[in-house]
Structures are given as C-alpha cells and as structure tokens.
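A.B. asks: Pasting in a structure now, in structure tokens, and then I'll have a few things to ask.
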Amino acid sequence: MPIYAALRERLLAEPATWLVTGAAGFIGSNLLEHLLNLNQQVIGLDNFATGKRDNLAQVEIAVGPGRWKNFHLIEGDVRSLGDCRAACDAARYVLHHAAQAP
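So for the sequence shown, the working numbering puts the first residue at 21; every next one is plus one.
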C-alpha cells in the first residue's frame, strides 16, 4: 500500500487535534483543508500579517459546514508566548508554517 494511502487510513481511523500556524496563508490553508477533509480537529493560529481571511473562507466552502465546525481559529501571533500556549494546549501535532519575509 502506498505510504499516503496508509497514512490517510490511519488518520481517518484515529482522528487527532492539529495546530497549524499560519493557517490563513497559502500553505497553511491547504493543510487545513486536507486535515479537515480527513475529519481531523484543527486549531489555526494566524495574525493575518500576510495570511488572508479569503483563504479561510475558501476552505470553509470547500469542506462544508460539517467539517468546518472542526476548525477553531486563534487570531494571535507565534511571537506571543500566551498565544502559543493557548494554541498548543489541546494540540497533539504542530505544523508550523507561520513566517514573514524580511
């Protein structure tokens, strides 16, 4: 069985809670969509310095209301210890994609 197919089956069988930093960015929003389509719980952390609310709106449309309810957005900053603690509190996995070009 191909690796992705095996991983997909495992994720569907064992849902987890994921934190995606930079959830409103291009990469983060694509990860968000795929995770929600795999029935995972997702916490998104974004300060919208470069991410776009439109990206999240597109994910909401793509996954539908049933899966969208598994997403919780924290509008915050990875440079804030409090925001990071709040975001990591329930997460089992962290996918860190928050970045800003100089």
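Ideal placement from N, C-alpha and C gives every residue a C-beta, glycine not left out.
(1) Just mark Asn59 as buried or exposed, buried being the case when its beta carbon has 16 or more other beta carbons within 10 Å.
(2) In terms of DSSP beta bridges, what is Glu95 paired with?
(3) DSSP beta-bridge partners for His116?
(4) According to DSSP, is Gln61 helix, strand or coil?
(5) In terms of residue numbering, what span does the alpha helix (DSSP H) encompassing Gly84 cover?
C.D. replies: Reading it off the structure:
(1) Here the question's residue 59 lines up with position 39 in the sequence shown. Exposed, because fewer than 16 other Cβ atoms sit within 10 Å of the Cβ of Asn59.
(2) Taking the first residue of the sequence shown as position 1, residue 95 is located at position 75. Residue pairing from DSSP places Glu95 in a beta bridge opposite Asp66.
(3) Working through the sequence shown from its first residue, we reach residue 116 at position 96. Per the DSSP secondary-structure output, His116 pairs in a beta bridge with Thr41.
(4) Translated into the one-based positions of the sequence shown, residue 61 becomes position 41. DSSP, reduced to helix, strand and coil, places Gln61 within a strand of the structure shown.
(5) What you label residue 84 is simply residue 64 of the sequence shown in a count that begins at 1. Taken as a continuous stretch (DSSP letters only), the alpha helix (DSSP H) holding Gly84 covers 73–88.
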